[in-house]
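A.B. asks: My numbering numbers the first residue of the sequence shown as 2 and each following residue consecutively.
Where a beta carbon is used, it is the ideal one built from N, C-alpha and C, also for glycine.
This is the structure I have questions about; it appears just below.
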Amino acid sequence: MIKVFRYRLYPTRKQEKTLHDTCFLCSILYNQALQERKDTYAKTGVGVSVYDQSKALPALKKQDPRFKTAFSQVLMDVLGRLDKAYQNFFRRVKQGAGPQGYPKFKSARYYDSFTYIQYGFKIIAHTKNGRLKLSKIGTIKTKFHRPIEEEIKTLTIKRRNGKWFACFACEVQPKPLPKTGQVAGLDLGLEKYAVTSDGQFFDNPRFYRKSEKKLACLQREVSRKKKGSNRRKKAIARLGSLHEKVQNQRKDFLHKLTLTLLQQYDAIAIEDLKPNEMLSWPGINKSIYDASWSMFSSILWYKAEFLGHKVILVDPKNTSQQCCLCGNIVKKDLSIRVHDCPHCKLKVDRDLNAAINILHRSSLLGRNLFDQNTAGAAEINAQGDFGL
């Protein structure tokens, strides 16, 4: 598996200028290579390959000496990115999947990373006050807060809100966790972020909603500042820092939650949700964005693969409406938080009912376990514990 280790860089002012200049040169090369491909195809009807453009790099350096200040493999990776954009475009055209997205020119402002493909970098001191040597840039102070595992494949230097990071892509072997013999269905929601079929409830932290007023205030500050002024740049930096904080809080929560679940269960069944289709729902679209169910699913998938566990997708249709005990459909809107079945008299939290249905629809249970689980739901009902 490929695993990425990210570390904070602390460049000097001179090194930071060189990093910015490298990103700028990469954007120029990307746009020139894209223009060459378009012009060549318009004249001859035949595209230019990434191999041909890579061979032309020495001549380009003689023509424009600025490119000599960038490491050769960094420039080759730029051409590789463009080629990958074309491959994705042709794949979407072949599949007929929505807007095809022909490769576009990239502004220097948004071209914020470059990659050393195989070599050109060296870790001098792998400590909290370590050093990372980059070809054509120099030795940069780096905080290695955790060790790098196994073999390094590539190094990507990334700019984000005025900060610089080194991202090492390493090929690592899976490290399976001890088996627990437990399986669970997991329902994702907005009232409670996640509910398991055995009755565990995880609160929704709502990081974006809690910072929404402060974000609006900072956005108004940006709007009031004159375009191009230093005060506007500072206001944009403050706004970006708060957005970054919210994103980091969300990622931290999702990483901890997924690890907690995978430490408890050998296999987890979740709904095959389409959050992008739900973002148009009025009133709850911001909350759906804040919940980041797609990010949760992605993190859960790759962690499960790395830890030797299993994730199963099930059809989300009527998981909240269907009774987990008798199977009858009990219609209710989002405002009704309790599943009260008039047929079998089961009364439980609607999210717990959905989580049990998700587990039933997966291939994780046999008939005996199905009976045990529905019996457990009946026991919850008898005890009066609705999970509220």
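1. For R368, which residues in the same chain have their Cβ closer than 6 Å to its Cβ, ignoring the five residues on either side in sequence?
2. So, under 8 Å CB-CB, F431 and V247 are touching, yes? Tell me the CB distance rounded to an integer number of Å.
3. By Cβ distance, which residues of its chain are closer than 7 Å to R251, with the 5 residues on each side in sequence left out?
4. Do the region 42-50 and the region 171-186 meet, that is, are 3 or more Cβ pairs less than 8 Å apart?
5. What are the boundary residues of the alpha helix (DSSP H) that I138 is part of?
6. Terminal residues of the continuous alpha helix (DSSP H) containing A217?
7. Using a Cβ-Cβ cutoff of less than 7 Å, which residues in the same chain neighbour H256 once the five nearest sequence positions on both sides are dropped?
8. Quick test of your reading: Y112 and C24, contact by CB under 8 Å. State the CB separation rounded to the nearest angstrom.
9. When you compare the CB positions of K62 and K56, do they come within less than 7 Å of one another, or not?
10. By DSSP's criteria, R7 is part of a beta bridge. Which residues make up the other side?
11. Between the alpha carbons of S230 and A238, how many angstroms are there, rounded?
12. Kindly list the residues whose CB is nearer than 7 Å to the CB of V94, restricted to its own chain and excluding five residues on each side of it in sequence; keep chain order.
13. For Q323, which three-state DSSP category applies?
14. For the candidate residues D65, K15, A34 and Q64, whose alpha-carbon lies nearest to that of D53?
15. Suppose the cutoff is 6 Å on Cβ atoms and the five residues either side in sequence are ignored; what does the same chain contact list for N354 look like?
C.D. replies: Result, derived from the coordinates:
1. Residue placement at R368 is poorly supported in this model, since its pLDDT is 35, which falls under 50; the coordinates still yield a value, given next. Answer for R368: no residue qualifies.
2. Within the shown structure, residues of the chain are numbered from 2 to 389, placing residue 431 beyond reach of any answer.
3. F208 and S293
4. These segments do not touch.
5. Here I138 belongs to no alpha helix (DSSP H), and DSSP marks it neither H nor E.
6. F208 to R225
7. Closer than 7 Å at the Cβ level, and outside the excluded window around H256, lie I300.
8. 5 Å
9. no
10. C168
11. Going by the C-alpha atoms only, they are around 13 Å apart.
12. Around V94: Q101.
13. In the three-state reduction of the DSSP assignment, Q323 falls in the strand class.
14. A34
15. C325 and H340
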